[in-house]
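Number of protein chains: 4
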Amino acid sequence: MFVVMRTGAGEAEVNGVKGLILAEGLTPFENAGADRTVIAVVGEIGKRREQLRARLEATPGVATVTAISKPYKLVSREFHPENTVIRVLDTAIGDGGLTVMAGPCSVESREQLFETVDHVATHGATIIRGGAFKPRTSPYSFQGLGVEGLRYLAEARQRTGLPVITEVMDTNQVDIVAEYADILQIGTRNMQNFSLLLACGRAGRPVMLKRGFGATIEEWLMAAEYIASAGNSQIIMCERGIRTFETTTRNTMDLTAVPLLHHLTHLPVVVDPSHATGKRWLVKPLAIGGVAVGADGVMVEVHPRPEEALSDGEQSLTFALFDQMMAAIVGVHEHVRDLHGDLLPAATDPAKAAG
Amino acid sequence: MFVVMRTGAGEAEVNGVKGLILAEGLTPFENAGADRTVIAVVGEIGKRREQLRARLEATPGVATVTAISKPYKLVSREFHPENTVIRVLDTAIGDGGLTVMAGPCSVESREQLFETVDHVATHGATIIRGGAFKPRTSPYSFQGLGVEGLRYLAEARQRTGLPVITEVMDTNQVDIVAEYADILQIGTRNMQNFSLLLACGRAGRPVMLKRGFGATIEEWLMAAEYIASAGNSQIIMCERGIRTFETTTRNTMDLTAVPLLHHLTHLPVVVDPSHATGKRWLVKPLAIGGVAVGADGVMVEVHPRPEEALSDGEQSLTFALFDQMMAAIVGVHEHVRDLHGDLLPAATDPAKAAG
Amino acid sequence: MFVVMRTGAGEAEVNGVKGLILAEGLTPFENAGADRTVIAVVGEIGKRREQLRARLEATPGVATVTAISKPYKLVSREFHPENTVIRVLDTAIGDGGLTVMAGPCSVESREQLFETVDHVATHGATIIRGGAFKPRTSPYSFQGLGVEGLRYLAEARQRTGLPVITEVMDTNQVDIVAEYADILQIGTRNMQNFSLLLACGRAGRPVMLKRGFGATIEEWLMAAEYIASAGNSQIIMCERGIRTFETTTRNTMDLTAVPLLHHLTHLPVVVDPSHATGKRWLVKPLAIGGVAVGADGVMVEVHPRPEEALSDGEQSLTFALFDQMMAAIVGVHEHVRDLHGDLLPAATDPAKAAG
Amino acid sequence: MFVVMRTGAGEAEVNGVKGLILAEGLTPFENAGADRTVIAVVGEIGKRREQLRARLEATPGVATVTAISKPYKLVSREFHPENTVIRVLDTAIGDGGLTVMAGPCSVESREQLFETVDHVATHGATIIRGGAFKPRTSPYSFQGLGVEGLRYLAEARQRTGLPVITEVMDTNQVDIVAEYADILQIGTRNMQNFSLLLACGRAGRPVMLKRGFGATIEEWLMAAEYIASAGNSQIIMCERGIRTFETTTRNTMDLTAVPLLHHLTHLPVVVDPSHATGKRWLVKPLAIGGVAVGADGVMVEVHPRPEEALSDGEQSLTFALFDQMMAAIVGVHEHVRDLHGDLLPAATDPAKAAG
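Quick mapping for you: the protein sequence lines, in order, are chains H, U, Z and P.
For the first sequence, my numbering assigns the number 1 to the initial residue and increments by one for each residue that follows.
For the second sequence, my numbering assigns the number 356 to the initial residue and increments by one for each residue that follows.
For the third sequence, my numbering assigns the number 711 to the initial residue and increments by one for each residue that follows.
For the fourth sequence, my numbering assigns the number 1066 to the initial residue and increments by one for each residue that follows.
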């Protein structure tokens, strides 16, 4: 349920509405938009819906009370029509600029990390990526350097001035990762690790949520809703390919997800062509494709010598390939930036959007 | 097996090789490239491989005899490194220009068809599409106007000067469709209707082969090989979405297929965002995406009044939306045309390409 | 729309209803059940629904007129509550007995076929299978013996007294296949070859319809509806595995399809564990599984020397494995035959069945 | 790498081998079979493989040293040819008997739980199931009673004498769940939550590992390998359906997984037809199917009044349906128990098994 306040409604009136919601054992979430304030009512409303609606409509300052047509609420465009912009250090994600997250799959050593970030930071990257805790299919594969890797990442931030994103695999790691990194990444295998979603939602850092390789768009948005319901709506959605019958590529990149998400949610969307394709020579064309359909950025894996990488060498870009990709996507981003404005709900029929 | 002739080998030498192949009960296919001629040997070679190879290598004019690493041969880049360009009336597909196939899903009446083609032909379409024989999930749905529809399409060609593409559903329809249409379309449900593939291969018209919604890239190329093996390599590949667990869109558009195909085959590739997404407001962004990843063209459904369409109204563009899409993709095509040259085999490692 | 006649309604009354339907340009299909006659009205009814219903209700002999909740009508349990039993020579499919279709993947020679059928016919098979026209992914693979293979199959029928089933791949082959074989098989790649479905519907022979490897249950039933709408409801449904992300087996066998189909349709259902698993050692356990969930029979591939087979050798049973499988499934069939009676619509809630 | 000891090799010789392995920084895992002892060497062996092999072969008591053909080692049949039998209280899983895990989806109240367990415990269940911590797609759905629910489950064990299984969703919950429950369940969404797998591997309780709905058989076995690598090989594999394009059922139950797993691993396998189908009327036929293909047991959801259930009411069995299912599967289990002995590696060709 959304409570839309009248234009010009004051703090007292907003607090009156919130108080009524809290008194019902429900939780109010406020979006103070440019025009007017909207308050989402979340929790199990059940049978009291009609009665509650009537009481809210009768509360001073309330314009209308509307049902929410989607199961996700705080992350929906209906609640928050403006794009969410996430600001970290001097970088912004979702403000119309092009975000480029680049770095090695795994932090393998201080030297390997620094060699990589020195290159990408001076050739267009806006955020440094690198895995310290690595989710691996086999318990016998390299599992990452752990806290040592985090420390190197913090040094890399110092060195480059760029914010750092790294994966957190377990609730017990959230505090330590949040201490060293600027953005927490939740990996594809943990997209529905609900305990982790809530813990990241409380960590006070922006969160990048990768799509589960077997997850629908709606489940992905519901996972984001978990994070938002814990008080954090600084969420970046990352499309990284889904699992299908096709085996030529590692996954099937679902580029339709980008305009769909821009329509359904206010959160920024980036694409990861490295994991989606699994082949380095396909990273550039799919990064171009992602930017062309309107993605706010890309995440790619880069390694000084991919053939020596401890993980995902097949899909890591060399420095030369990274530079080629950058040259291509900067131009494409510039070219397409005014082409996708009509995807916002005002310009389409929301009822049919997910129909 | 490929027989690569020496540079400067003459007709007599080429005929000598062909004769040897025919005498073995196998079939030679010749690709006379700018540099040198390649002859593919197709058929069940089996145990005589080594002996045959030795005999071919000893034949006058032969430079080398190499194994073919892929199960498809005539459609592979290995056999035919140059892009195939298909010319129909005044239009070319695969020559670096942007092909736009547009028109109604079904030809519903002479008036509806003419109203549509008059618009699209004057707003950027290069080929007219329209269904006369319609494959429908239900036997009780509108099945198309049949031969009457074909006649209207032929009139539309007269009217616009543009070539016409339409679907052929059965071997018995190949002759009549080939009589009226310029390009034969094989639909997604018939991608492995091998009798139809062979019949279209013999019809003397270019063929557009839609990807089966459950088919891998390799199966799709093998289906194209059926057409080529019947003597026709004027084939256009059309990505139209595959079936996955995601239900928000009608299908999942596999844009990675575009650079993959450009790497693996010499045939032109177009994308069909109408069927891939099933929603008209997603057609423009995905058409942009398809062109951005290097597609040679797009195919879209357009209807004067989509809400009255007898089939696929939800995904048909209005005239206004068609014009918006055209404005977007012409610019994107211009912008990206030099970005994808490195996908050709010479620039990548073929061994890893499909690895 | 279904017109349910009163108990005891006579031929004149039934004809009156049919006449009214025909006069509307629609087609009546009659099911004369033990209790009462039901007439299905098929065709595009559109806006005249309410008016037509009123007129039918006022016609002598009519008890009620009801809407059909499913898109398939003639193949639905709602139209035809009793199981359809198909009788060919001395064999019945769907009568509660166990159907076993066995034989080689391809008819490779007269000797290979006879050696195989002599074994299976004396060890439990009730129907002989064998491919004369073979759909192959590659145009260069063995395509079957064609009409010569059909002749051998007809000889095999003479030899064993058992009916013969073989695949028809194209409308042009329907007549010749129907001349030699007792049951026409439509393969997985042709499940939505609508021209072929209609041609088989008119051929006067029972038809076995394999599920498309990418087809939903509903699309499969709609394909059967095509055959039925052409006047032939002697249809056997064959589950042969669907395509998923799992690659350990050739396909994923969907055994849930068996009880689902028994609930939704009156047609008999068999399972094909050879194609579903692609591995001979998995054929017996999955044949047991199929019979256990209520299948009316199984179809399996058998070869005297699988390692020499020209197609599908990996999944062909040896004679010894066939015998082991027979011993197992005969007992399981006997054991489970009274366990599944409650799947019929009377015993479940049809509204929830496919909900 | 597997070190196979000579028949009759003593403790000193086994310790000698283990010492050598430990000295290399690798981990030895011992399986003392009836005939002879096998020691698996796990860890990153890398380039020292040949040298290590030679040294091990020269160690007293060693018969042979063999490569392991699969990426999973401790859970493979190659390492441990005998079936693993798990004993909890008076119940055994994997000993040839029929395990039946039954109870409510969620523990909703003390009364609801006791009413349910009183019924199922006296009608054939061998293990009590019930969710205290519930993974829900929406953060606003009922999340389970938490520790209160665990206490009720412990009471239910007292009441019935049966062991209790319940889900653990996070590493932080492992201790408390292990305190109250007899078997820890890892849910489908957490199958690749590697931190949780390791934590459960160290908890000293048997673990039931549900298959991820998007996971291949090999990934599932690798997840089990994580648990085993932490020192716990008391693992039950639970097939609960995978995600495919088919939407009639909640998931597609992959019954082929049962014989495949019995071939590839020594761990017991149960099936969960409640989650696989999502429809209560399909639970009985698929439970029959699962038992028929050789499952060691079934897990089902039962509720006194499914229409009032706080979660998964559509798929919960009533008491009457549970009794019908029990009557059916007990007989089927008895009937098939001698039919699947030939799935063990000795009876098939392991090279082809997963080929």
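Here a beta-carbon is modelled for each residue, glycine too, at the ideal position from N, C-alpha and C.
Just so it is clear, the structure is predicted and the values come from calculations on it, not from any experiment.
Where do the ends of the beta strand (DSSP E) carrying residue i lie?
{"i": "alanine 387/U", "result": "382-387"}
{"i": "isoleucine 376/U", "result": "Segment 366-378 is the alpha helix (DSSP H) holding isoleucine 376/U; no beta strand (DSSP E) there."}
{"i": "methionine 1318/P", "result": "Where methionine 1318/P is concerned, there is no enclosing beta strand (DSSP E), given that its DSSP letter is neither H nor E."}
{"i": "arginine 129/H", "result": "127-129"}
{"i": "alanine 1157/P", "result": "1156-1158"}
Whole angstroms are fine: how far does the CA of residue j sit from the CA of residue i?
{"i": "proline 1136/P", "j": "serine 138/H", "result": "8 angstroms"}
{"i": "alanine 702/U", "j": "alanine 320/H", "result": "Model confidence at alanine 702/U stands at a pLDDT of 38, short of 50, so the residue's coordinates are unreliable and nothing is read from them."}
{"i": "histidine 976/Z", "j": "glutamate 1044/Z", "result": "21 angstroms"}
{"i": "glutamine 1380/P", "j": "serine 779/Z", "result": "22 angstroms"}
{"i": "proline 1415/P", "j": "serine 1141/P", "result": "Note that proline 1415/P scores 35 on pLDDT, short of 50, meaning its location in the model is unreliable and no value can be drawn from it."}
{"i": "lysine 565/U", "j": "isoleucine 217/H", "result": "26 angstroms"}
{"i": "glycine 1354/P", "j": "tryptophan 1346/P", "result": "14 angstroms"}
{"i": "methionine 592/U", "j": "arginine 506/U", "result": "26 angstroms"}
{"i": "methionine 918/Z", "j": "valine 874/Z", "result": "12 angstroms"}
{"i": "lysine 352/H", "j": "arginine 391/U", "result": "Note that lysine 352/H scores 35 on pLDDT, short of 50, meaning its location in the model is unreliable; the coordinates nonetheless yield the value given after this. Between lysine 352/H and arginine 391/U, the C-alpha separation is close to 56 angstroms."}
{"i": "asparagine 201/H", "j": "threonine 126/H", "result": "Here residue 201/H is glycine; the residue named in the question, asparagine, does not match the sequence. Taking the straight line joining both Cα atoms gives about 23 angstroms."}
{"i": "glycine 1111/P", "j": "proline 1014/Z", "result": "45 angstroms"}
{"i": "glycine 1051/Z", "j": "valine 795/Z", "result": "16 angstroms"}
{"i": "glutamine 1116/P", "j": "valine 1069/P", "result": "17 angstroms"}
{"i": "histidine 829/Z", "j": "lysine 994/Z", "result": "17 angstroms"}
Nearest to residue i by alpha carbon, out of the options?
{"i": "valine 417/U", "options": "Ala570/U, Glu368/U, Gly516/U and Arg442/U", "result": "Glu368/U"}
{"i": "phenylalanine 955/Z", "options": "Ala570/U, Leu610/U and Leu622/U", "result": "Ala570/U"}
{"i": "glycine 331/H", "options": "Asp254/H, Pro28/H and Gly97/H", "result": "Gly97/H"}
{"i": "proline 1093/P", "options": "Gln1116/P, Leu1121/P and Gly1073/P", "result": "Leu1121/P"}
{"i": "alanine 58/H", "options": "Arg87/H, Leu20/H, Glu179/H and Ala32/H", "result": "Leu20/H"}
{"i": "threonine 1068/Z", "options": "Val714/Z, Arg763/Z and Asn961/Z", "result": "Coverage of chain Z is limited to positions 711 through 1065, which leaves residue 1068/Z absent and any answer about it impossible."}
{"i": "leucine 26/H", "options": "Leu197/H, Ala32/H and Lys18/H", "result": "Lys18/H"}
{"i": "alanine 650/U", "options": "Gly516/U, Asn548/U and Thr454/U", "result": "Thr454/U"}
{"i": "aspartate 90/H", "options": "Ala178/H, Gly161/H and Ala121/H", "result": "Gly161/H"}
{"i": "proline 436/U", "options": "Val648/U, Pro640/U, Leu616/U and Ile684/U", "result": "Leu616/U"}
{"i": "asparagine 903/Z", "options": "Val532/U, Glu534/U, Ala558/U and Asn527/U", "result": "Asn527/U"}
Compute every distance between the C-beta of residue i and the non-hydrogen atoms of the ligand ATP, then say whether any falls below 7 angstroms.
{"i": "alanine 934/Z", "result": "In the structure shown, the ligand ATP is absent, as is every other ligand, since no ligand is present at all."}
Which one or two residues does DSSP pair with residue i in a beta bridge?
{"i": "glycine 1362/P", "result": "Thr1164/P and Val1335/P"}
{"i": "glutamine 1023/P", "result": "One cannot answer for residue 1023/P here, as it falls past the ends of chain P, which runs 1066 to 1420."}
{"i": "valine 1068/P", "result": "Ile1104/P and Val1130/P"}
{"i": "threonine 1330/P", "result": "Ser1141/P"}
{"i": "glutamate 594/U", "result": "Val626/U"}
{"i": "glutamine 1250/P", "result": "Glu1232/P and Met1273/P"}
How far does the alpha helix (DSSP H) with residue i in it reach, from first residue to last?
{"i": "alanine 418/U", "result": "First-last for alanine 418/U: 417-421, but that is the beta strand (DSSP E), not the alpha helix (DSSP H)."}
{"i": "arginine 491/U", "result": "Where arginine 491/U is concerned, there is no enclosing alpha helix (DSSP H), given that its DSSP letter is neither H nor E."}
{"i": "glutamate 510/U", "result": "502-515"}
{"i": "alanine 1352/P", "result": "1348-1357"}
{"i": "valine 523/U", "result": "Where valine 523/U is concerned, there is no enclosing alpha helix (DSSP H), given that its DSSP letter is neither H nor E."}
{"i": "valine 378/H", "result": "This structure cannot speak to residue 378/H, because chain H is shown only from 1 to 355."}
{"i": "isoleucine 329/H", "result": "319-336"}
Name the chain B residues that come within less than 8 angstroms of residue i, Cβ to Cβ?
{"i": "threonine 421/U", "result": "As a matter of chain content, chain B is missing from the structure shown, whose protein chains are H, U, Z and P."}
May I have a chain-ordered list of the beta strand (DSSP E) segments no shorter than 3 residues that lie completely inside the region 190-216 of chain H? Scanning the region 190-216 of chain H from its first residue to its last, the whole beta strand (DSSP E) runs of 3-plus residues come out as 207-210.
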